[in-house]
Every structure is written in C-alpha cells, then in structure tokens.
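J.: Can you keep this structure in mind? I'll have questions shortly.
Listed below in structure tokens is the structure:
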C-alpha cells in the first residue's frame with residue numbers, strides 16, 4: 036500500500052475514533068458496574084469487531100481478551116449461520132465457556148451484541164469482565180478442587196439471553212438461583228449490555244459524521260496498515276527456530292506435587308511468525324487451557340514485545356501470526372471433561388511467558404538496535420490469591436476476590452530501566468490495585484500491612500520489579516471460607532541476557548492471631564507485633580477456613596532481571612539498599628557491592644566482584660568483563676560461532692548450542708534462593724527445580740540463567756529455519 040492509496044490523516048482520525056469508542060465502552064462499565072473488580076482492578080475489556088469477527092478497536096485493559104473476543108464472536112457468527120436466525124438490534128449473547136467459545140475461564144463473562152446502522156448489520160461489540168461468582172464448588176470462578184468441568188460452575192456456550200437490550204427474565208431468574216451474589220452478577224451483566232449499547236451509539240455518531248462507505252474503507256485500510264508495520268518489524272528478525280520450555284505447578288487434590296511441562300516452538304519465516312505449543316496430557320485439575328487462553332496469551336506476549344503500544348489493535352495484527360496448539364487432549368488444548376477454571380492464569384500465563392521467551396531470543400540476534408532494545412526479563416505472571424465467601428460486618432453476604440497480588444506482581448527488567456514495581460501481569464496493561472479502604476468497607480477484614488518485598492526483583496544489570504506483600508485479618512462476621520491458589524510458587528520467571536529469575540509468590544494463614552487482643556487494647560496491629568500460629572499449606576487449596584482473628588498473608592512474586600548483575604553500577608545498588616529494595620547481604624552476594632554504613636566501600640566492592648568472577652568459573656578470568664554493545668544481549672552469533680558479547684570468547688559453532696561452551700553451575704533453586712535471600716517454595720518430590728547459571732569461560736560474564744528441572748536435558752539454542760524443519 037502506498038500513501039497515494041489513502042488519506043493518512045483520515046486513516047488516523049478514523050482509527051482514533053474507533054479507539055475512543057472502545058474506551059467509552061470501558062468508561063460505561065466502570066460507571067455502571069459497582070464491582071471493585073471492575074471499578075478498581077480494571078479486570079475487563081471492550082472491543083469492536085466487523086461482520087467477519089475481525090477486530091476494529093480494542094480498549095486494552097486486559098490484553099488476553101483479544102483471544103476470547105475473537106473466538107467468542109466467531110462462535111456466535113457460526114451459531115447464527117447454522118441456525119439460520121435473523122439478527123436484531125438489542126440481541127445479545129452471553130459467553131463464558133472456555134471449551135466451546137474461547138473464554139479465558141468461566142469467571143470471565145462476555146456479553147456480545149450485533150451493531151447496526153440504519154438497519155444494516157455492521158459487526159459486533161464485545162464487553163467482558165470478571166464477575167464475582169459463577170456458582171459451582173469454587174468461588175468467583177476458581178475451583179482448584181474440581182475434578183471435571185461440570186463441578187466448576189455455570190458454563191455458557193453462546194446463549195442469547197438479551198432481547199431488546201434487556202436480560203430475558205427467565206434467564207435472569209436462572210442465573211440468580213445459581214450464583215452466590217446474584218445482585219452483583221446480574222448488575223454486571225446489565226453493565227456489559229450498557230457498554231455494548233454505548234459502543235453502538237458511538238459507532239452511529241462516527242458514521243453519521245464520516246459516512247458509511249468511508250467507515251468501511253478505513254476499517255480495512257487501518258487493518259492493512261497494522262499488518263504492514265508488524266510485518267516490517269518481523270522482517271528484521273533472523274529467520275530461524277526458537278524454542279522454550281516451562282512448567283505448570285499443581286499440588287492440589289491431596290495428591291502428588293506435579294510439574295506439568297509445556298513447550299513452544301517459534302518459527303520466524305520472512306514476515307511470518309508460527310507458534311507451535313505442546314504439552315503433557317490434560318489432568319483432572321483446573322489448570323488446563325483451551326484455544327482462547329492459548330491464543331490470547333500468545334498474542335499478549337507478542338503485543339508487549341513487538342507492537343510497542345504504537346500499533347492499533349485490529350485484525351491486521353493477526354494476519355502474520357499462526358498459533359498451533361496441537362492435538363486435543365493436552366494441557367494446552369484440553370477437551371471436556373477437563374476442568375479449566377484457571378486456564379488463563381495457569382497454563383495460559385505459562386504460554387505468555389513462553390511467547391515472550393522465544394521472541395526475546397530472536398530479537399537478541401537481530402541486527403536492528405530498536406528490536407534488540409525490546410528484550411526484557413519475564414514478568415511474574417502468576418499470583419497468590421483466594422476466593423472467599425461468608426457474612427460481613429453488615430450482616431450481608433461477602434464474596435472476597437482481591438486481585439491485589441496479581442496487579443502487585445513485579446515487572447520484568449527492561450533495557451531502559453529496572454522492572455516496574457507492583458507492575459501486574461503481562462496482560463493487565465490497564466490494571467489497578469484497589470484501595471484498602473474499599474476492601475475494609477465492604478468485607479469483614481482489617482489490613483495489617485501492604486508493602487514492597489525486599490530482594491523480590493530478579494538481580495541483573497537492570498533489576499526486576501519488586502512485588503507486593505500484604506496481610507489482612509478477619510475481624511467480624513461468621514468467618515470466611517473458599518479456595519486458595521498460587522500459579523508461581525516453585526518455578527519463578529527467568530531473566531534474560533544473564534539476568535536472574537525473580538522471586539516466587541507465596542501465601543499462608545496465621546491461625547489464632549493476637550489481632551483481636553491488640554485491637555481490644557487499642558494497639559495498632561503491625562507486622563512486628565503480629566503473633567500466632569503460621570500454617571504451611573499447599574499452593575492449590577480446595578478449601579480454607581479463616582475464622583475471626585485469623586490472618587491471611589499473601590506475597591506476590593517479583594519480575595526477572597536483565598543482564599549480568601556485576602555490570603550494575605555500584606551506586607544504583609547502594610541506592611537500592613538505602614531504599615530497602617535489596618538487603619546488604621543480597622547486594623554483596625549477587626552484585627558484589629559492599630557498603631560501609633550507608634556509603635559504598637569501593638575497594639571491598641572491587642575485591643568482591645573479582646572473587647565472584649573467580650568463583651563463577653573456578654579460575655582467574657583471562658579477559659576483562661565489559662558491558663556488551665547492547666544491554667541485556669549477552670550472546671552474539673555470526674555465520675560461524677556463538678560468542679560472548681562481553682569479551683568475544685568463542686563458545687560453540689553457530690549450528691550448535693552456546694551452552695556447550697559455557698561454564699555451568701547448577702543448584703537446587705531453594706538452595707540458591709536461600710543464598711540470595713529470595714522467596715521460592717522448595718519441592719519435596721522429584722523432579723527438583725534448579726537454577727542453571729551459564730558463565731563465559733573467558734571473562735566470567737553471566738550469559739544466561741535457566742530455570743529447569745533436574746531431569747531436563749540441555750535447553751535448545753536458536754537454529755536456522757531450514758536446518759530445523761523436519762520433512
């Protein structure tokens with residue numbers, strides 16, 4: 036497409052008009068929902084699609100809803116075509132089934148409605164939010180105790196429950212009878228209807244101003260432009276095959292503590308990207324994923340790495356991308372009766388991390404400096420949480436689902452800065468942490484603290500973002516009960532370019548605490564004053580009872596680091612110690628920085644860094660440790676060799692694996708994290724989780740730190756596309 040084919044200004048004005056439309060749909064949700072999940076945490080998305088189900092605009096509050104909106108809308112299109120039905124203004128379908136309609140999990144409910152202009156069907160509007168409850172054995176859509184999907188709660192394949200812009204009274208009665216908070220849930224559905232009506236009204240205003248044919252033409256032009264720019268970026272990535280592996284944790288059902296392996300293979304071929312995911316057979320637990328979460332999370336990883344935030348989110352972005360999730364019956368492509376109520380946060384978020392992993396491998400080898408600057412450590416992408424039900428201090432029903440630790444997770448380090456503290460998940464680009472006062476006003480809780488966790492960010496030349504730690508006591512009512520879950524307790528997010536993994540998340544109850552006694556004595560309950568019986572519990576709990584006086588402590592994990600920690604300027608490490616971001620021991624052990632009081636001890640720091648380099652390779656380094664030409668890019672590959680980017684030491688032939696020429700130090704991750712004063716849960720079963728630190732034999736630079744299992748063979752390195760394709 037040349038500039039002669041269209042008016043550049045008209046294209047941008049039209050693009051912005053559609054973006055504003057989806058943003059106003061979002062504003063309608065916030066103003067009408069009343070649920071703190073929407074008004075505070077912003078766990079929702081809105082978008083506009085055309086008659087083919089391709090995106091025209093997306094509000095980007097939660098990125099992975101690009102998957103559920105696309106697949107859910109196409110499911111309705113297929114259903115209407117199969118039934119031969121007629122679309123009418125005011126019709127609306129509810130969708131929340133991951134198995135049949137692309138939903139992220141059952142707790143994420145969508146209302147999808149057709150849009151019209153002067154009687155002509157123009158497309159679809161989509162509104163989605165996490166509702167407080169969907170029934171079943173779990174609460175708020177989370178059922179770690181479920182052995183099949185039928186236990187997890189209400190499932191809606193595309194069902195027309197909206198007629199003339201209102202919920203059908205019979206469906207309203209049915210839904211109210213099957214959820215724990217009927218008033219809140221039904222109001223959320225009405226809120227989504229209102230959001231969709233806002234979208235249609237704003238679309239009519241746009242077409243009234245610019246004309247119908249202009250609208251149709253520039254919808255296609257803007258999709259073409261997004262595709263064109265994305266393909267230009269992909270073309271600067273070296274053709275090849277890039278692979279990565281991760282593990283989903285499950286220790287529920289009172290059974291063995293399982294690590295479920297999943298992998299991705301990315302083929303970069305000209306201007307196309309082909310993702311192929313694979314995983315172990317599906318299990319009878321809520322971690323399994325389906326098409327919607329897999330596509331949505333793969334695209335979330337790509338959007339945060341390659342889209343930069345400057346490309347319009349529309350159907351053009353998906354044209355260069357294919358996502359293959361393999362044969363049905365695995366954790367990445369499960370089929371009924373597999374439970375899926377945490378599909379998006381368990382296997383789904385591992386898929387996002389894998390997507391970013393392989394993209395960062397590829398970008399690090401690009402000749403384009405802008406693309407190389409887009410590499411980053413992994414975000415936490417897993418959070419400790421619970422979903423509780425009981426009575427509150429007002430005598431009413433209380434449903435507790437606090438996304439605080441999700442939005443409070445640490446962000447991965449970037450080439451331009453440390454990772455953002457309390458960043459959130461990769462997908463939660465519009466998320467927010469609710470105010471404590473809102474929780475305490477609605478629920479029988481008192482928050483004891485909310486703070487950042489020292490040492491939670493992964494060490495690196497750029498440090499990972501710190502995470503949120505908070506605790507609340509049950510102070511009134513009849514107590515609260517429900518499931519607990521943590522997707523990232525044993526396998527933390529790993530760094531890039533020699534950066535280290537971030538800390539993992541954790542939670543535990545403190546039983547029979549002294550909080551009631553402190554309050555009775557008019558003494559503020561603080562972390563230092565808290566006393567009680569700490570209880571170690573599994574990371575996936577079917578049911579936990581919290582009585583009045585019990586305390587629930589939840590600690591989110593941090594983001595991963597980027598680059599060798601020994602390359603971090605000592606002054607920044609000193610600042611981190613003074614600010615309480617890292618401890619003095621952590622600073623000395625991993626960064627080699629020694630303080631004398633609150634000042635840098637330069638001589639001791641030089642000596643400590645020299646000692647760490649010797650310990651890394653078991654000898655005196657023969658070459659100087661220098662910063663690589665591109666921050667966070669620890670390896671260089673030319674036509675013949677993999678080499679260290681810091682000192683040019685040759686490591687392995689270009690057709691081989693650079694790890695073969697590196698010095699390896701492998702330790703159980705719990706042992707290594709104890710040295711670093713970081714949080715991780717030690718596995719008590721085989722296989723054990725380990726850290727594999729790879730160092731340059733010439734300069735002792737940190738080349739890469741893998742998080743692996745004791746039974747895993749060496750991870751693959753990037754390979755040429757044509758050599759790797761099996762015919």
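Residue numbers (the numbering used here): 36 to 762.
A virtual CB, placed ideally from N, CA and C, is assigned to each residue, including glycine.
Only a predicted model underlies this, so the values are computations on that prediction, with no experimental measurement involved.
Could you tell me whether the segment 673 to 680 touches the segment 708 to 719, using the rule of 3 or more Cβ pairs below 8 Å?
T.: The answer is no - the segment 708 to 719 does not touch the segment 673 to 680, with fewer than three Cβ pairs under 8 Å.
J.: Just checking my contact of residue 531 with residue 510 at CB under 8 Å: how many whole Å lie between their CB atoms?
T.: Taking the first residue of the chain shown as 1, we reach residue 531 at position 496. Taking the first residue of the chain shown as 1, we reach residue 510 at position 475. That belief does not hold up - the Cβ atoms of residue 531 and residue 510 are roughly 44 Å apart, past 8 Å.
J.: With distance defined between alpha-carbon atoms, name the residue in 452, 202, 241 nearest to residue 226.
T.: Start at 1 with the first residue of the chain shown, and residue 226 comes out as number 191. Here the closest residue by C-alpha is 202.
J.: Since residue 182 sits in a beta bridge, which residues does DSSP pair it with?
T.: Stepping through the chain shown from its first residue, residue 182 is reached at position 147. Per DSSP, none; premise fails for residue 182.
J.: Determine the direct distance from the alpha carbon of residue 635 to that of residue 619, and round the result to whole angstroms.
T.: Translated into the one-based positions of the chain shown, residue 619 becomes position 584. Translated into the one-based positions of the chain shown, residue 635 becomes position 600. Rounded to whole angstroms, residue 619 to residue 635 spans 11 Å at the Cα level.
J.: Cα separation between residue 647 and residue 727?
T.: Residue numbering aside, residue 647 sits at position 612 when the chain shown is read from its first letter. Residue numbering aside, residue 727 sits at position 692 when the chain shown is read from its first letter. Those two C-alpha atoms are separated by around 16 Å.
J.: Measure the alpha-carbon distance for residue 762 versus residue 326 and round it to whole angstroms.
T.: One-based indexing of the chain shown puts residue 762 at position 727. One-based indexing of the chain shown puts residue 326 at position 291. Residue placement at residue 762 cannot be trusted, given a pLDDT of 28 that sits under 50; the coordinates are not used to answer.
J.: Using only CA atoms, which one of 297, 47, 164, 705 lies nearest to residue 383?
T.: Position 348 of the chain shown, counted from the start, is the residue given in the question as residue 383. It is 297.
J.: Quick one: does residue 233 have its CB under 8 Å from some CB of chain E?
T.: Of the protein chains in the structure, only one exists, and it is not chain E.
J.: Going straight from the alpha carbon of residue 116 to that of residue 87, what length do you get?
T.: Numbered from 1 along the chain shown, position 81 holds the residue referred to as residue 116. Numbered from 1 along the chain shown, position 52 holds the residue referred to as residue 87. For residue 116 and residue 87, the distance between alpha carbons rounds to 12 Å.
J.: Could you have a look at residue 108 and say whether DSSP puts it in helix, strand or coil?
T.: Reading the chain shown from its first residue, position 73 is the one you call residue 108. DSSP places residue 108 in helix when its eight states are reduced to three.
J.: Based on Cα-Cα distance, which residue from 181, 642, 682 lies nearest to residue 657?
T.: Position 622 of the chain shown, counted from the start, is the residue given in the question as residue 657. When only C-alpha atoms are compared, the closest one is 682.
J.: Closest to residue 601 by C-alpha separation, out of 527, 632, 561, 730, would be which residue?
T.: Here residue 601 refers to the residue found at position 566 when the chain shown is read from its first residue. Residue 730 is the option with its Cα nearest to residue 601.
J.: Which whole-angstrom value describes the C-beta separation of residue 597 and residue 667, a residue pair presumed to lie in contact below a C-beta threshold of 8 Å?
T.: Mapped onto the chain shown, residue 597 falls at position 562. Mapped onto the chain shown, residue 667 falls at position 632. The C-beta separation of residue 597 from residue 667 comes to about 4 Å, placing the pair in contact by the 8 Å criterion.
J.: Could you name the residues of the same chain whose beta carbon sits closer than 8 Å to that of residue 42, not counting the 5 residues immediately before and after it, in chain order?
T.: As a working note, residue 42 is residue 7 in the chain shown. Counting only Cβ-Cβ distances below 8 Å, and skipping sequence neighbours, we find nothing.
J.: Of the choices 150, 286, 322, whose alpha-carbon is the least far from that of residue 242?
T.: Residue 242 sits at position 207 when you count from the first residue of the chain shown. That would be 150, whose Cα lies nearest to the Cα of residue 242.
J.: Put residue 708 into one of helix, strand or coil per three-state DSSP.
T.: Taking the chain shown and counting its residues from 1, the one referred to as residue 708 is at position 673. Here residue 708 sits in helix by DSSP.
J.: Below 8 Å on the Cβ atoms is my contact criterion, and I expect residue 389 with residue 398 to pass it. Report the Cβ-Cβ distance as a whole number of Å.
T.: Your numbering for residue 389 matches position 354 in the chain shown. Your numbering for residue 398 matches position 363 in the chain shown. The pair is not a contact, with the Cβ atoms about 15 Å apart (cut-off 8 Å).
J.: Please name the residue or residues paired with residue 279 in a DSSP beta bridge.
T.: Your numbering for residue 279 matches position 244 in the chain shown. In the DSSP output, where bridge partners are listed per residue, residue 279 has 299.
J.: Measure the C-alpha to C-alpha separation of residue 328 and residue 145 and round it to an integer number of angstroms.
T.: Taking the first residue of the chain shown as 1, we reach residue 328 at position 293. Taking the first residue of the chain shown as 1, we reach residue 145 at position 110. Roughly 14 Å between the two C-alpha positions.
J.: For residue 286, which of 148, 258, 320 has the nearest alpha-carbon?
T.: As a position in the chain shown, residue 286 is number 251, starting the count at 1. When each option's Cα is compared against that of residue 286, the closest is 320.
J.: Can you grab the Cα-Cα spacing for the pair residue 40 / residue 121, in whole Å?
T.: The count along the chain shown starts at 1 and reaches residue 40 at position 5. The count along the chain shown starts at 1 and reaches residue 121 at position 86. So the alpha carbons of these two residues sit roughly 36 Å apart.
J.: Considering only the alpha carbon of each residue, which of 322, 271, 583, 603 lies closest to residue 341?
T.: Locating residue 341 in the chain shown gives position 306, counting from the first residue. When each option's Cα is compared against that of residue 341, the closest is 271.
J.: What are the complete beta strand (DSSP E) segments, minimum 3 residues, inside the segment 400 to 482?
T.: 419 to 421, 423 to 426, 432 to 435
J.: May I have the straight-line CA-CA distance separating residue 330 from residue 606, to the nearest angstrom?
T.: Against the chain shown, residue 330 aligns to sequence position 295. Against the chain shown, residue 606 aligns to sequence position 571. Cα to Cα, residue 330 sits roughly 43 Å from residue 606.
J.: Leaving aside the five residues before and after residue 408 along the sequence, list all residues of the same chain whose C-beta is less than 6 Å from its C-beta, in chain order.
T.: Looking up residue 408 in the chain shown gives position 373. Taken in chain order, the residues that qualify are 450.
J.: So what does DSSP say about residue 345, is it helix, strand or coil?
T.: As a working mapping, residue 345 is identified with position 310 in the chain shown. Note: residue 345 maps to coil in three-state DSSP.
J.: Suppose you measure from the CA of residue 662 to the CA of residue 624; what does that come to, to the nearest Å?
T.: Residue numbering aside, residue 662 sits at position 627 when the chain shown is read from its first letter. Residue numbering aside, residue 624 sits at position 589 when the chain shown is read from its first letter. Taking the straight line from one Cα to the other gives about 20 Å.
J.: Identify which residue in 738, 736, 525 has its Cα closest to the Cα of residue 708.
T.: In the chain shown, counting from the first residue as 1, residue 708 sits at position 673. Nearest of 738, 736, 525 to residue 708, Cα basis: 525.
J.: Leaving out the 5 sequence neighbours to the left and right, which residues in its chain are closer than 6 Å to residue 753 when beta-carbon positions are compared?
T.: What you label residue 753 is simply residue 718 of the chain shown in a count that begins at 1. Only 275, 277, 396 meet the Cβ criterion.
J.: Check residue 531 in the structure and name its three-state DSSP category.
T.: Against the chain shown, residue 531 aligns to sequence position 496. Reduced to three states, the DSSP call for residue 531 is strand.
J.: Per the contact definition of three or more C-beta pairs closer than 8 Å, is the segment 255 to 270 in contact with the segment 345 to 362?
T.: With a cut-off of 8 Å on Cβ pairs, the segment 345 to 362 is in contact with the segment 255 to 270, counting three or more such pairs.
J.: Starting from residue 150, trace the alpha helix (DSSP H) both ways and give me its first and last residue.
T.: Numbered from its first residue, the chain shown carries residue 150 at position 115. Per DSSP, residue 150 belongs to no alpha helix (DSSP H); it is in the beta strand (DSSP E), 143 to 152.
J.: Buried or exposed, going by whether 16 or more other CB atoms sit within 10 Å of the CB of residue 649?
T.: By 1-based counting over the chain shown, the position of residue 649 is 614. Counting Cβ neighbours within 10 Å, residue 649 comes out exposed, since fewer than 16 surround it.
J.: According to DSSP, simplified to helix, strand and coil, what is residue 601?
T.: As a first step, residue 601 must be located in the chain shown, where it is residue number 566. Residue state, collapsed to three classes: helix.
J.: Counting only runs that start and end within the segment 43 to 94, where is the beta strand (DSSP E) found for 3 or more residues in a row?
T.: 79 to 85, 90 to 93
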